[in-house]
Every structure is written in structure tokens, then in C-alpha cells.
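Chemist:
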Amino acid sequence: MIMIRSIIRPDKADNVLADLMEAGFPAVTKISVVGRGKQRGIKIGEITYDEIPKEILMTVVPDSDKDFVIKTVIKAARTGDKGTHGDGKIFVSPVEEMYTISTGIKEPASEEPEETNP
427 MIMIRSIIRP DKADNVLADL MEAGFPAVTK ISVVGRGKQR GIKIGEITYD EIPKEILMTV
487 VPDSDKDFVI KTVIKAARTG DKGTHGDGKI FVSPVEEMYT ISTGIKEPAS EEPEETNP
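Per this note's numbering: the sequence shown ends with 544, consecutive numbering throughout.
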């Protein structure tokens with residue numbers, strides 16, 4: 427399994443969530459954050475905003491769906507046809523294990539689900 431974390435513009439979050447839902451990936455965690463990257467904040471008049479609002483969308487998908495989900499996020503989160511600075515970043519990392527809290531089921535990335543005793 428793969429964890430995909432996308433840091434995107436807040437005004438693009440609904441587009442990304444809708445496209446992921448339509449593509450069959452409804453399980454997404456959304457977190458509102460502030461930060462900056464190469465964009466280095468913005469200046470409006472005499473005021474400089476060093477930290478810019480962003481959304482982090484996190485989802486876990488099978489390895490085989492990784493490229494499709496990344497392409498879906500890029501398409502929905504990009505500004506215009508070519509994109510622009512501040513559109514965001516996508517981080518991909520392996521998931522070693524998952525646990526469903528309500529059932530205590532351990533779901534390792536490469537094995538069949540098994541029940542654990544909490």
C-alpha cells in the first residue's frame with residue numbers, strides 16, 4: 427500500500443476530492459494547514475504573508491493505483507493548463523501496516539488481514 431499526501435491550494439480541494447470520489451477513491455483525510463514553499467509567501471500592498479493557507483489530502487491506495495491517483499490529483503489541483511508556483515506538492519511513501527481501530531484488524535501492505543488482540 428502507498429500513502430499519497432498532496433499539499434494543494436484550498437480552492438482546489440473540492441475539485442480533487444470530487445475527482446477522487448468519481449474515480450473510486452472516496453477515503454481521503456483533509457487537513458487545513460499553513461506554510462510556504464518556493465512561493466515564499468505573498469505580498470498584498472505593504473503587507474507580506476509568509477505563510478499561505480493550504481490543504482493536505484491524505485489517502486492510502488494499492489501500489490497498482492498509485493500512478494492513476496497521482497495523475498488524478500495533478501489534473502484537478504493544477505491551475506490552468508500548465509500550472510503555476512504554489513499549486514502544491516505530492517509526497518508518496520510506503521505503508522508498512524494499517525490497523526482498523528474499531529475491529530483491531532491489522533492490515534499489512536503485503537499480507538492478508540489478520541485480527542490482533544489490543
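The beta-carbon is built from N, C-alpha and C at its ideal position, and this holds for glycine as well.
#1: Using the three-state DSSP reduction, which class does residue 532 fall into: helix, strand or coil?
#2: Roughly how many whole angstroms lie between the Cα atoms of residue 468 and residue 445?
#3: In chain order, what residues of the same chain have a beta carbon less than 7 Å from the beta carbon of residue 517, not counting five sequence neighbours either side?
#4: Are residue 482 and residue 428 touching if we call contact CB-CB under 8 Å?
#5: Quick check on the DSSP output: the beta strand (DSSP E) that includes residue 484 runs from which residue to which?
#6: Under the three-state reduction of DSSP, which class applies to residue 456: helix, strand or coil?
#7: Rounded to whole angstroms, how far is the Cβ of residue 521 from the Cβ of residue 451, which I believe are closer than 8 Å?
#8: Considering just the uninterrupted stretch of the alpha helix (DSSP H) at residue 496, what are its terminal residues?
#9: Using DSSP with H/G/I as helix, E/B as strand and the rest coil, what is residue 429?
#10: Whose C-beta lies closer than 6 Å to the C-beta of residue 440 among residues of the same chain, with five residues either side of it excluded?
Modeler: On the basis of the data shown:
#1: strand
#2: 29 Å
#3: When the five nearest sequence neighbours on each side are left out, the beta carbons in the same chain lying within less than 7 Å of the beta carbon of residue 517 are those of 431, in order along the chain.
#4: With respect to residue 428, residue 482 sits apart: the two C-beta atoms are not nearer than 8 Å.
#5: 478-487
#6: strand
#7: Wrong, their Cβ atoms sit about 15 Å apart, outside the cutoff.
#8: 492-503
#9: strand
#10: none
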